[in-house]
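Shown next, in structure tokens, is the structure this report addresses.
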Amino acid sequence: MKAKLKIERAAGGIVFRIREGVREVLLIDDAYGHVTFPKGHLDPGEVWEDAAVREVREETGIEARILAPLSRIEYEVTRGDHKIRKQVRLFLMEEIDEQDNPVAQVEEINGAYFVPFDKAKTLHAEKGYANWSFILDKADVLWAWHEQQFETRLRQLGAEAPQIEIDGVWREAEPLVYRLIDAVRAELAVVAPEWLASVPKPLKQGTLPKQIATTTDVLAGAVEHTLLKPEASVVSVLRLCEEAAEHKFRAVCVNPQHIDLAAAELADTSVIPCVVIGFPLGATDVAALRAEAQAVVDAGAREVDMVIPVGSMREDDVFAVYQRVRAVMSVAEENQHVAVKVILEAHFLSFAQLAMASYVALAAGADFIKTSTGFAPSGAKLADVALMATIAGQKGVKAAGGVRSREAAMNFLRYGASRLGTSSGVALVRE
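Residue 42 in numbering that gives the first Met the number 0 sits at position 43 of the sequence shown, and the numbers go up by one each step.
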């Protein structure tokens with residue numbers, strides 16, 4: 000067995016504060032002549048977030064709280080004869096103790112100080128580390144997202160809200176969404192530059208919401224009639240297929256146990272047999288996930304919905320996500336009639352993490368990106384669908400989880416969904 004690299008983990012933060020109406024950023028001068036941000040190693044048993052708060056306090060004397068995850072970089076260093084993989088995460092933070100001046104607390108720090116944001120950008124561009132070149136622009140966007148309360152005002156806005164309200168909030172937030180997309184693309188250019196050539200161009204600003212026909216045929220053509228409950232029986236799957244054929248739904252989505260049955264029942268129809276794998280947690284070994292993909296394709300699946308390793312994306316490990324999507328895509332590419340949808344489980348991700356997860360899935364070759372499993376505390380959200388659709392460009396987006404009314408379904412289609420995963424398909428087309 001090949002020896003694994005030793006891993007060292009570190010965490011820290013971009014700390015903002017407002018003084019006399021001016022936004023300032025906490026910087027440090029390190030022992031190597033660079034301008035950077037407070038960060039340091041995780042102690043045994045410590046989680047990323049606790050380490051970030053502690054390191055800011057220990058290096059600068061500043062108490063701060065985390066607002067959002069920002070990014071993670073990885074690189075290798077050599078110490079003696081040993082190679083070490085460094086993993087470093089930064090968080091967006093704000094000062095909470097209103098201390099006038101930070102004080103360098105440790106020997107390896109030559110100075111700690113707050114400066115206005117624009118000056119911080121200039122100093123970091125001149126003396127910062129190249130692998131964090133994108134970080135202040137991204138922090139700037141996420142700070143604006145926080146200040147304008149779009150996490151509540153937009154992201155938590157229900158799909159059944161009045162169209163005039165939905166469209167109004169989206170128009171207000173849209174420029175910032177595009178700034179976020181630009182920031183994430185700049186981040187990707189540093190973290191994994193070879194992936195950028197494989198991602199689509201985003202939709203042009205102003206494309207959403209779309210004008211769509213509100214007919215039953217349009218709705219039925221987007222529905223993936225879904226039955227993923229653990230207690231699903233053979234007879235309930237048979238009924239699912241019958242209903243899908245009757246109403247000319249786009250697809251039927253079932254668990255792996257039933258994909259051979261669904262494929263056989265749908266063989267003489269236009270309905271696509273679809274299956275989930277790595278479901279619902281995504282916490283699957285790469286080889287096992289590939290084997291599961293091969294097994295369901297052999298059983299007749301024409302579309303495969305896979306779950307990313309959600310915990311990995313929560314800690315910004317884009318490489319673990321990419322590796323698993325590529326494993327499934329390799330099976331699809333060997334069977335050219337098979338499409339892959341990548342479930343991002345947006346409930347557990349920040350808005351910026353959802354943007355990055357979308358790009359990683361698309362860079363790995365995904366045909367669709369999908370919001371949810373339907374097993375998380377919340378399902379599809381309009382803001383998430385709009386973000387994913389903007390990033391996906393001409394690729395597909397599937398809204399799934401909690402699509403239970405015709406009004407919500409049509410709003411998801413207006414905001415870029417091309418598929419709707421729902422167990423309420425029959426009720427939707429009968430409304």
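The C-beta atom is built at its ideal place from N, Cα and C for all residues, glycine as well.
Whole-number beta carbon distance between residue j and residue i, since they are thought to touch under 8 Å
i, j, result
"THR370", "LYS397", "7 Å"
"PHE15", "LEU89", "Between LEU89 and PHE15 the Cβ distance is about 13 Å, and since that is not below 8 Å, they are no contact."
"GLU186", "LYS137", "6 Å"
"ILE258", "ALA298", "5 Å"
"ILE83", "LEU25", "The Cβ separation is near 27 Å, so there is no contact."
"ASP28", "VAL34", "6 Å"
"THR389", "ILE180", "7 Å"
"GLU23", "VAL114", "6 Å"
"LYS85", "GLU150", "Wrong, their Cβ atoms sit about 31 Å apart, outside the cutoff."
Check whether residue i and residue j have beta carbons under 9 Å apart
i, j, result
"ILE165", "LEU156", "yes"
"VAL251", "ILE271", "yes"
"VAL236", "GLU264", "yes"
"LYS38", "ALA30", "no"
"THR225", "VAL306", "no"
"GLU94", "ALA63", "yes"
"ALA158", "LYS380", "yes"
"LYS200", "GLY400", "no"
"VAL339", "ALA331", "yes"
"TYR321", "ALA231", "no"
"ALA172", "ALA382", "yes"
"ALA356", "VAL317", "yes"
"ALA10", "VAL87", "yes"
"VAL359", "VAL324", "yes"
"SER311", "ALA319", "yes"
"VAL428", "THR215", "yes"
"VAL198", "LEU343", "no"
"VAL274", "PRO255", "yes"
"ILE17", "ILE134", "no"
"TRP142", "LEU153", "no"
"ALA219", "GLY424", "yes"
"ALA326", "PHE347", "no"
"LEU239", "ALA261", "yes"
"SER422", "LEU227", "yes"
"HIS145", "LEU91", "yes"
"GLU499", "LEU419", "There is no way to answer for residue 499, as the model of the chain reaches only from 0 to 430."
"MET409", "THR213", "yes"
"PHE116", "ASP96", "no"
Bridge partners - residue i, DSSP secondary structure assignment
i, result
"PRO272", "VAL251"
"ILE83", "LYS5 and VAL76"
"ARG418", "LYS397"
"LEU226", "VAL253"
"PHE411", "DSSP lists no partner for PHE411."
"SER232", "The partner list for SER232 (beta bridge, DSSP) is empty, contrary to what the question assumes."
"SER70", "LEU89"
"ILE27", "THR35 and ALA111"
"ALA63", "GLU94"
"HIS40", "ALA9"
"ILE17", "ARG22"
Can you give, in chain order, each stretch of the beta strand (DSSP E) that sits fully within the segment 149 to 201 and has at least 3 residues?
Segments of the beta strand (DSSP E) lying fully in the segment 149 to 201: there are none.
Only counting runs of 4 or more residues, tell me where the alpha helix (DSSP H) segments fall wholly within the segment 98 to 143, in order along the chain.
Counting only runs of 4 or more, we get 116 to 126.
List in chain order: all unbroken beta strand (DSSP E) runs of 3+ residues lying wholly within the segment 302 to 349.
Counting only runs of 3+ residues, the beta strand (DSSP E) found wholly inside the segment 302 to 349 occupies 302 to 306 and 338 to 342, in chain order.
Note down, one range per segment and in chain order, each alpha helix (DSSP H) of at least 4 residues found wholly within the segment 347 to 403.
The qualifying runs are 350 to 362 and 381 to 391.
Check whether the segment 348 to 359 touches the segment 66 to 77, taking contact to mean three or more Cβ pairs, one atom from each stretch, closer than 8 Å.
Contact check between the segment 348 to 359 and the segment 66 to 77: three or more CB pairs, one atom from each, fall below 8 Å, which counts as touching.
Is there contact here, the segment 358 to 365 with the segment 113 to 132, by at least three beta-carbon pairs under 8 Å?
Contact between the segment 358 to 365 and the segment 113 to 132 is absent, because fewer than three Cβ pairs lie under 8 Å.
Is there contact here, the segment 200 to 213 with the segment 408 to 423, by at least three beta-carbon pairs under 8 Å?
Taking 8 Å as the limit for Cβ pairs, the verdict is that the segment 408 to 423 does touch the segment 200 to 213.
Decide yes or no for the touch test of the segment 303 to 318 against the segment 168 to 181: beta carbon pairs closer than 8 Å, at least 3 of them.
Counting C-beta pairs closer than 8 Å gives fewer than three between the segment 303 to 318 and the segment 168 to 181, which falls short of the contact rule.
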